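*Asks:* Take 1 as the starting number for the sequence shown in the numbering used here and just add one per residue. Glycine is no exception: its CB is placed at the ideal position from the N, C-alpha and C atoms. Here the structure is a predicted model, which is why all the values come from computation and not from measurement. Structure provided below as structure tokens; questions to follow.
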Amino acid sequence: MNTTELKPGDKIGVFFYDDKRGTKAVIEEVDKVSPTGIVTLKSGTRYTSKGTEIGALGDPTYLCTTEKAQAVIEKAEQRKQQKEEEYKAYIASPEGRCDKAAASAVNAAIKVLNQYGWYADIDGHMEN
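Next comes the structure, spelled out in structure tokens:
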């Protein structure tokens with residue numbers, strides 16, 4: 001990627017990660033580009049002429065095309081929808097209904113015990 005061709009106001013992708021942690025990328029707007037190719041985004045993050053983040057404390061982020069960033073964002077949304085569907089299927093299953101009933105019973109019992117002063121912890125809730 002040739003960062004010297006970027007202009008203020010252009011959209012650019014910022015790639016975070018795509019691994020066991022999940023998938024993350026965003027699309028941001030370019031604020032400034034120096035003659036040497038250092039890019040500053042509207043968020044204040046600066047990138048070298050090779051597209052790596054300057055002064056990253058953890059894993060550095062990288063500049064990428066908006067198409068790649070959009071593909072990564074869509075992949076993350078698909079993964080999120082898949083997990084949501086799996087959770088809904090679990091809640092609809094007999095095991096999920098049993099777990100939900102047990103959690104509701106425990107919460108109701110704690111409320112009754114709190115009401116009469118028999119059960120109390122720091123915040124009045126059962127630790128998860």
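What distance in whole Å lies between the Cβ atoms of proline 60 and valine 30, which are believed to be in contact at a cut-off of 8 angstroms?
*Replies:* Not a contact, Cβ separation roughly 18 angstroms.
*Asks:* Find the nearest neighbour of cysteine 64 within the set Glu53, Tyr116, Leu57, judged by alpha-carbon distance.
*Replies:* Out of Glu53, Tyr116, Leu57, Glu53 has the C-alpha closest to the C-alpha of cysteine 64.
*Asks:* For the region 68 to 76 and the region 13 to 32, state whether three or more C-beta atom pairs, one from each stretch, are separated by less than 8 angstroms.
*Replies:* Yes, they touch.
*Asks:* Looking only at DSSP bridge pairs, what is valine 33 linked to?
*Replies:* Valine 33 pairs with Val39.
*Asks:* Go through its chain and collect everything with a Cβ distance to serine 43's Cβ below 8 angstroms, but skip five positions before and after it.
*Replies:* Cβ within range, chain order: Glu28.
*Asks:* Taking just the CA atoms, how far does valine 33 sit from glutamate 77?
*Replies:* Glutamate 77 and valine 33: Cα-Cα distance of roughly 31 angstroms.
*Asks:* So threonine 45 packs on isoleucine 38, CB below 8 angstroms; how close in whole Å?
*Replies:* Contact doesn't hold; Cβ gap of about 11 angstroms is too wide.
*Asks:* For lysine 11, name the three-state secondary structure that DSSP assigns.
*Replies:* Strand, per DSSP.
*Asks:* For the region 44 to 97, list the beta strand (DSSP E) runs that are entirely contained and at least 3 residues long, ordered along the chain.
*Replies:* As far as the region 44 to 97 is concerned, its whole beta strand (DSSP E) runs of at least 3 residues are 62 to 64.
*Asks:* Run through DSSP, which three-state label would lysine 20 get?
*Replies:* Note: lysine 20 maps to coil in three-state DSSP.
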